[in-house]
Structures are given as C-alpha cells and as structure tokens.
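> Counting from 1, position 163 in the sequence shown corresponds to residue 150 in our numbering; the numbering is continuous, with no gaps.
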Amino acid sequence: MNHPVLSALIPVVLLVALGFIAGRARWIRTEAAKDLSNLVFVVLTPALMFRTMSTVHVEQLDFRPVAAYFFAVLILFVGTLLIQGFNRRAAVLALACTFSNTVMIGISLIGLAYGPSGLVILLTLVSLHALVLLTAGTLVLELAVTREQMASGQGARRHILATVLGAVRNTIIHPVPLPIIAGLLFAQTGWLFPDVLDRPLQWLGNAFGPLALLLVGVTLAGTTAGPHLRGALALATAKNLIHPALVALLGGLLGLSGLPLLVMVVTAALPIGANVFLFSQRYAVAEDLVTASVTVSNTLALVTLPVVMLLAGLL
C-alpha cells in the first residue's frame, strides 16, 4: 500500500468511483455537474496554477521533456491523418489520440505521485498543451472544412488566418494557460505574495483535486460506449498506451531521464480529455465515437495507468 504508484492511484480511483456512484444515483444532476465544472475551471484551476507557478523562475524550467512530448504528439497526429485521410473526422480522431486529460486528472495524479516538483514539470507542459493542440486541431479542421466546401463548390466559409488567430487568442485568454503565464510573470518580479491572499489561494487549490476527480466520475456515469466500442478501444489504446510509449522512446533519444521523463510519460498515458468531444460537437463529426472513446479511455486508464507508472519508474 505504501508503493508510490498505489498511494497516488488509489485515492484517484476512489474519488472517481464515488463520483460515478453519485452520478448513477442522481445525487448530482446534470445541470449541477455543469455548474460545478465551471467552478473548477473558472475559480479553482486558476488559483492552483497561479500559486504553483508564482515561485518558479523561467530559468529553472526544462523544456526538453515538453519537446519529447510534442514530438510524440506530432507522430501520432500526422500518422492518424495519413491513415484516416485529410478530413474533419480524421482531425478529430487525431486529437483523441493525442489530447490528454492533463487538468481534471493529471494535476491531481501527478501532484500525489511526484509532489510539487512533478507538478511544476506538468504545468510547464499544461501551459502549452491546449495552446498547441487546440490551435493545431482548429487549423487542420478548418482546412479540412474548406477543402470539403471547395470540392462541393461552396467556397471557403471563413478566412483561415482569422480562425487560427482567434483560436490562439482563445487558448491564451483561458482559465488554464493564463494563470500559469501570470504566475510565472509574478515569480520573475521577486515579490512575496501576502499571506492574507496566499492562504485563500491555497485553500482553493486544495479543493481542486477532490472536486475535479468527483466530476470525472459523474461524467462517466452519464455516458456509455454503445455500438462504437471497437473504434473506441482502438482510440483508447492509441492514447493510453502508444502515446506514452512514443514519449518514452523519444525522451530516451533526447537524453532525458528521472522525474522529467517520468512525468511526461505518465501524462501521455492519461485518458482522452473532454476538449476533444467539444471539437467533435462544434464540427458535427464523430460525436458518438468520441463520446464512447472518452468513456473507454477513462475506464481503461484504471488498468493502463498503474502499468505505465510502474514501467516508467524504471526509466
């Protein structure tokens, strides 16, 4: 029970399971879950991220692990497009293979397993994760839409550059990257945060993990894999197993080892993030398959994450 993998995973699993039970028993209604989710993203997430990064100096950050992570993302993303073809469905599936649930699950898990040092490494990635992947996903999807419209004689729906710039703006002015950037900027000033302000931030940050994990369980309780199980298993396998394997391989080639590589590999093994579903809804493509994949990926992670964490500990 004292093994670091078990001591980190068991609390995560228990809270997700409790949220699942609460969702199935209808203790938490769908409307209430949405409000709680907004609370997590708009209030608790910024507090945790700002406070964590407010004492970190840029020169202390190592971006090599992040580079290994994104190289693996690039291989999976482009590989999916090559296999599926250049279209909206392929772009959404490529996001599903590469977009980790770094916030709702990752922050809690990494913080429990690897402490503040591991959390700083993770937040270095998180500061770029949504910006890079959502912008790339938007670009590919808009290009695919334009290609489809031109093929049907409808012409381009909107200017691609304006769409991409809008995506960049929206992913920076966002409750995830913005407090990380603000925290880093504050850290460079050398100022000390007053205790009267630091303590509420600490309380809010402490509330993030339990509530976020409960909400994951509530969300899973309301979704089923249904007839898309086979496709969902394929996407979940790519996300939960192939992605971390590629990160481990590329990290080794870049000379990484120890905690930085460990955190990146475990982060790559996290299940599919909910943003992929939002993209499938926005572009009206593969919605049922993506919903099933998120469910299967999260369920499969109960088995794959412990395995990846144990193996990654040997790197």
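Heads up, the beta-carbon is just placed ideally off N, CA and C, and yes, glycines get one too.
#1: In this structure, does DSSP put residue 224 in helix, strand or coil?
#2: Does DSSP put residue 87 in a helix, a strand or coil?
#3: Which one of 235, 240, 129 has the shortest CA to CA distance from residue 249?
#4: In the DSSP assignment, find the unbroken alpha helix (DSSP H) run with residue 38 in it and report its ends.
#5: Rounded to the nearest angstrom, what separates residue 97 and residue 81 at their Cα positions?
#6: In three-state terms, what does DSSP make of residue 97?
#7: On a Cα-Cα basis, can you pick out the residue from 276, 181, 293, 190 that is closest to residue 227?
#8: CA-CA distance, residue 291 and residue 181?
#9: Would residue 260 pass as a contact of residue 86 if the rule is Cβ separation under 8 Å?
#10: Assuming residue 283 and residue 199 are in contact, meaning their beta carbons sit under 8 Å apart, how far apart are those beta carbons, in whole angstroms?
#11: Is the Cβ-Cβ distance between residue 207 and residue 37 less than 8 Å?
#12: Check whether the Cβ atoms of residue 357 and residue 99 sit closer than 8 Å, and answer yes or no.
#13: When the distance is taken between beta carbons, is residue 79 closer than 8 Å to residue 266?
#14: Have a look at 18, 41, 24, 281 and flag the residue whose alpha-carbon is nearest the alpha-carbon of residue 167.
#15: Buried or exposed for residue 193, going by 16 or more other Cβ atoms inside 10 Å?
#16: Could you spell out the range, first to last residue, of the alpha helix (DSSP H) harbouring residue 62?
#17: Between the alpha carbons of residue 256 and residue 174, how many angstroms are there, rounded?
#18: Where does residue 29 land, buried or exposed, given buried means 16+ other C-beta within 10 angstroms?
#19: Use the C-beta contact count for residue 276: other C-beta atoms within 10 angstroms, 16 or more gives buried, fewer gives exposed.
#20: Could you tell me the alpha carbon to alpha carbon distance between residue 102 and residue 258, rounded to whole angstroms?
#21: Grab the span of the alpha helix (DSSP H) containing residue 254 for me, first residue to last.
#22: Would DSSP call residue 15 helix, strand or coil?
#23: Excluding the five sequence neighbours on either side, which residues of its own chain have a C-beta within less than 8 Å of the C-beta of residue 264, listed in chain order?
#24: Check each candidate in 105, 15, 272, 111 and name the one with the smallest Cα separation from residue 169.
#25: Sorted by chain position, which residues of the same chain lie with C-beta nearer than 8 Å to residue 191's C-beta, five sequence neighbours on each side aside?
#26: Which partner residues of residue 168 appear in the DSSP bridge assignment?
#27: Can you give me the Cβ contacts of residue 5 inside the same chain, cut-off strictly under 8 Å, excluding the 5 residues immediately before and after it?
#28: Any idea if residue 285 is buried or exposed, counting beta-carbon neighbours within 10 angstroms, 16 or more meaning buried?
#29: In angstroms, rounded to a whole number, what distance separates the CA positions of residue 131 and residue 125?
Walking through what the data contain:
#1: The residue given as residue 224 occupies position 237 in the sequence shown. Helix at residue 224.
#2: Indexing the sequence shown from 1 puts residue 87 at position 100. It is a strand residue.
#3: If you number the sequence shown from 1, residue 249 lands on position 262. When only C-alpha atoms are compared, the closest one is 235.
#4: The residue given as residue 38 occupies position 51 in the sequence shown. Note, residue 38: alpha helix (DSSP H), 32 to 40.
#5: The residue labelled residue 97 in the question sits at position 110 within the sequence shown. The residue labelled residue 81 in the question sits at position 94 within the sequence shown. Whole-angstrom Cα-Cα distance: 25 Å.
#6: Reading the sequence shown from its first residue, position 110 is the one you call residue 97. Residue state, collapsed to three classes: helix.
#7: On the sequence shown, residue 227 is found 240 positions in, with the first residue counted as 1. Comparing Cα-Cα distances from residue 227 to each of 276, 181, 293, 190, the minimum goes to 293.
#8: Reading the sequence shown from its first residue, position 304 is the one you call residue 291. Reading the sequence shown from its first residue, position 194 is the one you call residue 181. Whole-angstrom Cα-Cα distance: 42 Å.
#9: Here the question's residue 260 lines up with position 273 in the sequence shown. Here the question's residue 86 lines up with position 99 in the sequence shown. Contact flag set, yes.
#10: Counting from 1 along the sequence shown, the entry for residue 283 is found at position 296. Counting from 1 along the sequence shown, the entry for residue 199 is found at position 212. Not confirmed; about 20 Å, so no contact.
#11: By 1-based counting over the sequence shown, the position of residue 207 is 220. By 1-based counting over the sequence shown, the position of residue 37 is 50. Contact flag unset, no.
#12: No answer is possible for residue 357: the residues shown for the chain start at -12 and end at 302.
#13: Looking up residue 266 in the sequence shown gives position 279. Looking up residue 79 in the sequence shown gives position 92. Yes, the Cβ-Cβ distance between residue 266 and residue 79 is below 8 Å.
#14: In the sequence shown, counting from the first residue as 1, residue 167 sits at position 180. When each option's Cα is compared against that of residue 167, the closest is 41.
#15: Here residue 193 refers to the residue found at position 206 of the sequence shown. Exposed.
#16: In the sequence shown, the residue the question calls residue 62 occupies position 75. Run containing residue 62: 51 to 71, per the alpha helix (DSSP H) assignment.
#17: As a position in the sequence shown, residue 256 is number 269, starting the count at 1. As a position in the sequence shown, residue 174 is number 187, starting the count at 1. C-alpha separation (whole angstroms): 30 Å.
#18: What you label residue 29 is simply residue 42 of the sequence shown in a count that begins at 1. Answer is exposed; the Cβ neighbour count stays below 16.
#19: Stepping through the sequence shown from its first residue, residue 276 is reached at position 289. With 16 or more Cβ atoms within 10 Å of its Cβ, residue 276 is classed as buried.
#20: As a position in the sequence shown, residue 102 is number 115, starting the count at 1. As a position in the sequence shown, residue 258 is number 271, starting the count at 1. If I take the Cα positions, the gap works out to 21 Å.
#21: Taking the sequence shown and counting its residues from 1, one reaches residue 254 at position 267. That run of the alpha helix (DSSP H) goes 245 to 255.
#22: Position 28 of the sequence shown, counted from the first residue, corresponds to residue 15. Coil at residue 15, not helix or strand.
#23: For the purposes of this step, residue 264 is identified with residue 277 of the sequence shown, where counting begins at 1. Correct list, in chain order: 274, 277, 278, 281.
#24: Stepping through the sequence shown from its first residue, residue 169 is reached at position 182. Minimum Cα distance to residue 169 is reached at 111.
#25: Taking the sequence shown and counting its residues from 1, the one referred to as residue 191 is at position 204. So the list reads 30, 31, 34, 35, once near-sequence residues are dropped.
#26: For the purposes of this step, residue 168 is identified with residue 181 of the sequence shown, where counting begins at 1. Per DSSP, none; premise fails for residue 168.
#27: Your numbering for residue 5 matches position 18 in the sequence shown. Excluding positions up to five away in sequence, the list reads 201, 204.
#28: Residue mapping note: residue 285 aligns to position 298 of the sequence shown, counting from 1. By the neighbour-count rule (16 or more Cβ atoms within 10 Å), residue 285 is buried.
#29: Position 144 of the sequence shown, counted from the start, is the residue given in the question as residue 131. Position 138 of the sequence shown, counted from the start, is the residue given in the question as residue 125. Looking at the two C-alpha atoms, the distance is approximately 10 Å.
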